[in-house]
Each structure stands twice: as C-alpha cells, then as structure tokens.
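K.L.:
Here you go, one structure.
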Amino acid sequence: MVIGVSEGYKKDLELVGVGYKATNQGQVLELSLGYSHNIFFAIPSEISLKTETPKGKNPLITLEGIDKELIGQIAAKIKSFRKVEPFKGKGVRFVGEVVRRKAGKTSAKK
C-alpha cells in the first residue's frame, strides 16, 4: 500500500525563542523571527498548512500532504529562515530534534 496516499506525510516545526510567532492566511505563512521585518512564505497548494500557538508553549507549524519530498523541501526552507543556534538553542527546529549545545565564553581569571 502506498503510504503517501493512504495516510499522508506530516512534518512539525516549532519556533523556539522569545517573540517568535507564526500565523497563516490561507496558504501564506507569516513568520516573525526577530528580524526587523516579517517573512511571508507561500506554501504550495498540495500541502496543507496549520499553525497553532498553545498557551505557554512554543508556536507550532504543521505541514501535511502526500508528497514526502515536497514537504521535506518546504520544511527545510522554513527552517533556513532562522536556523537553531548552538549557544541558546533559539530558532526553528523540528519537533523532537535534539540540538547540541555549546558552552559560552569562560570569564578571564586574573
């Protein structure tokens, strides 16, 4: 049985960071990722888009459709707008993705 047609594919992304927001008007995703401007990204009609912001949690973007490759490309493009940085862990990441953190600067000893 073909999984894409029978069940469909799904990718979830979460926005980690203070003031990061995601909303959608139809198939246009509006992202507020700490830049001086909002990012508007058109989603192809083959993919269904859903955004939600649970109270007290990180905003979520859900992409669903039958084309696994297209969903992966769109998710990677959204993630590229603000990649996860290794010091604070802020950015766009897949749900369940583990980010390797780095230690910050150590203070100079005198």
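Per the numbering used here: the sequence shown = residues 390 to 499.
Heads up, the beta-carbon is just placed ideally off N, CA and C, and yes, glycines get one too.
1. Among Gly478, Glu435, Gly480, Glu486, which has the Cα closest to the Cα of Gly397?
2. Go to Gln414, then tell me how far its alpha helix (DSSP H) extends in each direction, as first and last residue.
3. Is Tyr409 buried or exposed, if buried means 16 or more other CB atoms sit within 10 Å of its CB?
4. Find the nearest neighbour of Lys494 within the set Phe483, Val484, Val487, Phe476, judged by alpha-carbon distance.
5. Pick helix, strand or coil for Ala465, following the three-state DSSP scheme.
6. Looking at the structure shown, is Glu458 part of a helix, part of a strand, or coil, going by DSSP?
P.N.:
On the basis of the data shown:
1. By 1-based counting over the sequence shown, the position of residue 397 is 8. Checked all of Gly478, Glu435, Gly480, Glu486; the closest Cα to Gly397 is Glu435.
2. Locating residue 414 in the sequence shown gives position 25, counting from the first residue. Taken as a continuous stretch (DSSP letters only), Gln414 belongs to no alpha helix (DSSP H), being part of the beta strand (DSSP E) at 410 to 414.
3. As a first step, residue 409 is located in the sequence shown; it is residue number 20 there, counting from the start. Flag for Tyr409 reads buried.
4. Start at 1 with the first residue of the sequence shown, and residue 494 comes out as number 105. Checked all of Phe483, Val484, Val487, Phe476; the closest Cα to Lys494 is Phe476.
5. As a working mapping, residue 465 is identified with position 76 in the sequence shown. Here Ala465 sits in helix by DSSP.
6. For the purposes of this step, residue 458 is identified with residue 69 of the sequence shown, where counting begins at 1. Note: Glu458 maps to helix in three-state DSSP.
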